[in-house]
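Notes follow the structure.
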Amino acid sequence: MAAVYRIGLTRLPGPGSDMGNNQVRLNIIFIHGLRGHPRKTWEAASVAASERSNDMTKKHKGANSWFSRLWAASPSSSTEQAHTSSSSCSVFWPEQYLASDVPQARVWTYGYNADVIGGLFQVNNKNSISQHGQDLSVRLEREIDNSQPVAFVAHSLGGIIVKDAINRSEKIRERTKLIIFLGTPHRGSTHARWGQIASNLVRLALQDSNKKIIEGLEVNSEVLDNIHEQFKTIAFSGGIKIHSFQEAQGISGMKGLDEKVVDDFSSKLDFPGQSETVESIDANHMQMARYSSKDDYGYRAICGVLEATIREGMNRECLALRSDSNRDTKALWEFEAPSRTANEQVSLSNEITTPSRTSSARRSLKNALAKLAQNAKVELDWQKSVVDLLKLLKLDYSIEARERLAERLHVDAGPSKSSAQNIALRQAVMEELVAREDEWMGVMESRRMSSRCLNCGSEEHWEQQCPYSCGKCLYLGHKASKCEFLVRCMKCRNLGHIAEACADRSRI
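And the structure:
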């Protein structure tokens, strides 16, 4: 496994790590909490190791408890050295599971000095939450040099640091599409004010229920509330999706923490509508960030949320591409008859009526349209119907649009809905396409050449030639035998995806 820097950003190995910047669809950044670690916070003992250690745990429970408190109370190294896994039996799931399960993303983990508790909840302190937020915003802007969206997975106090970084940086704010909060305290309540929440977190971090340890803890509630209120405004207005996971269990064996460390009221933003999704993970505050198996519900839930974010982003790209294509197509019709000179009118008329050119152009056009219909898997009667022809060309075929088109092409064979008018309009459209054969053939060729795999770079892409084999196409309601033109493949990224080449015929 990769070495992880204790301080700063570490890019974890995986398919997304090897991609070029223009191929990455999402940056996933993990942020640990109080006295956490960029690797250890997310590490879980493997199932086999847990079973082997059960007997040892029972025999040495007292000693282990004492050593655990001793280790937790001693500050860990804050130097910018790289650390490898402390145990070959542990599972660092962001690297070992997520990086391969979400191959379109780059996975990062971020570390900061969360061992020094004094001053953390105050203002104007070099170890304050605000200072950590400032450091995070600067490092993100400097080190994540691709332009793709960002998703944060933040545990506990790390969520507040993420919120502060977003408040500070407009660039990060614009790139952030999703934040997954794991047991993050957002606000105080009548039952658990900020002082009590901070007390719970510190006692858990130090693994000691002795209240004397945190008697000198100073908590500036105003600073924390300001971070929260500013973030709420930014996130809601900016459309940042929030997924808040709440702990379902307390900490067993620690007096005073057998209830939840962060209660349900505090661990959600309470956004209206679909801006925030709230659910629980059947684990305590620490274990909710650790998964030893891909079958763990928490892992499956987090992975699913991240995959959905990538799909939504790619859907937006597809819609933008289709919109651009439609605009290019419609631009061919955006001509005004009054602006043409008499010579242009005569030239166009001569070009259309020239037998040799018209016959050849008409055959080329019909062949191109037939191929377009075949590739698009559509069965439209474009040879007879003007509506179906406009559909095939991805033009507006509403009655109002047809009336405007008839006016521009000087077609007046009867009422707009009459059969005679539609036949005449279709003929005029075909004549205009023939007259603009070079432009149309160029558009169709550019559509054909858009079948470029963005991973392997092949312009004549077929699934069996691409090392990133297609697994999921992005067309909603898709059946592989009915794949539409300009479908973007989830994994191979082929815009002109040929359905028969799709290995996985299931659709999202």
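Everything in the sequence shown is counted per the UniProt record's numbering, starting at 1 for the first residue and increasing by one.
Glycine included, each C-beta is placed from N, C-alpha and C at the ideal position.
All values reported here derive from a predicted model rather than from experimental measurement.
Minimum C-alpha distance to residue i - residue among the options
i, options, result
"T184", "Q246, R168, R203, A235", "Q246"
"G238", "S267, L389, F271", "F271"
"residue 525", "A420, H410, G313, G133", "In this structure the chain extends from 1 to 508, so residue 525 is not present and cannot be described."
"T41", "V4, S137, G14, N21", "V4"
"S267", "M286, F181, Y291", "F181"
"W194", "L178, T176, I160", "I160"
"V386", "D164, L425, G33", "L425"
"A248", "K241, S293, S418, F265", "F265"
"R139", "A151, G111, V153, P149", "G111"
"V153", "H410, A301, G414", "A301"
"P38", "S46, R290, K163", "R290"
"Q131", "V150, Q148, D164", "D164"
"R316", "M19, R6, R25, G14", "R25"
"M314", "N127, S292, Q104, N367", "Q104"
"M19", "A45, Q148, R187", "Q148"
"H243", "S292, L306, L206", "L306"
"N127", "L34, G188, L392, A45", "L34"
"Y97", "I129, H32, P15, I423", "P15"
Alpha-carbon to alpha-carbon, residue j and residue i
i, j, result
"S446", "K371", "In this prediction, S446 has a pLDDT of 45, which is less than 50 and means its spatial position is unreliable; what the coordinates show is noted afterwards. Distance between the alpha carbons of S446 and K371 is about 14 Å."
"I234", "V278", "19 Å"
"R106", "G8", "16 Å"
"L390", "D396", "7 Å"
"E43", "V91", "5 Å"
"M286", "Y299", "14 Å"
"L405", "A308", "40 Å"
"E276", "D225", "19 Å"
"R402", "D412", "12 Å"
"M430", "L269", "57 Å"
"K394", "E400", "16 Å"
"H228", "E143", "26 Å"
"V203", "E259", "Note that residue 203 is Arg in the sequence shown, not Val. Taking the straight line joining both Cα atoms gives about 13 Å."
"V223", "I310", "34 Å"
"S221", "H155", "20 Å"
"G36", "V162", "15 Å"
"S418", "H410", "16 Å"
"L136", "D295", "32 Å"
"K384", "E312", "38 Å"
"A420", "E407", "15 Å"
"C89", "M1", "12 Å"
"R6", "L369", "59 Å"
Coarse secondary structure for residue i, derived from DSSP in three states
i, result
"Y5", "strand"
"A283", "coil"
"S450", "Residue placement at S450 is poorly supported in this model, since its pLDDT is 40, which falls under 50; the coordinates are not used for a value here."
"I180", "strand"
"L395", "coil"
"E259", "coil"
"V24", "coil"
"I144", "coil"
"H37", "coil"
"S275", "coil"
"V386", "helix"
"H60", "With a pLDDT of 44 at H60, under the threshold of 50, the modelled position of this residue cannot be trusted, and the question is left open."
"Q104", "coil"
"A44", "strand"
"I234", "helix"
"M19", "coil"
"V150", "strand"
"R11", "strand"
"I166", "helix"
"S110", "Reading off the sequence, residue 110 comes out as Tyr, not Ser. Y110: strand per DSSP, three-state reduction."
"V91", "strand"
"S244", "strand"
"H155", "strand"
Residues of its chain near residue i, where Cβ-Cβ distance is below 8 Å and the 5 sequence neighbours each way are ignored
i, result
"E141", "S169, K171, I172"
"S17", "R11, A99, R106, V107"
"S416", "I399, R402, E403, A406"
7 Å CB neighbourhood of residue i in its chain, flanking five on each side removed
i, result
"P94", "L12, F30, W42, V107, T109"
"D101", "C303"
"I166", "I172, R173, T176, F231, I234"
"M288", "L182, G183, F245, E247, I281, G298"
6 Å CB neighbourhood of residue i in its chain, flanking five on each side removed
i, result
"N200", "V261"
"N21", "N146"
"K241", "L178"
"V150", "N27, R175, T176"
"G414", "A420, Q421"
"A205", "L34, R35"
"G188", "W194"
"L157", "G33, L34"
Cutoff 9 Å: residue i Cβ touching any chain C Cβ
i, result
"E407", "Note that chain C does not occur in the displayed structure, where there is just one protein chain."
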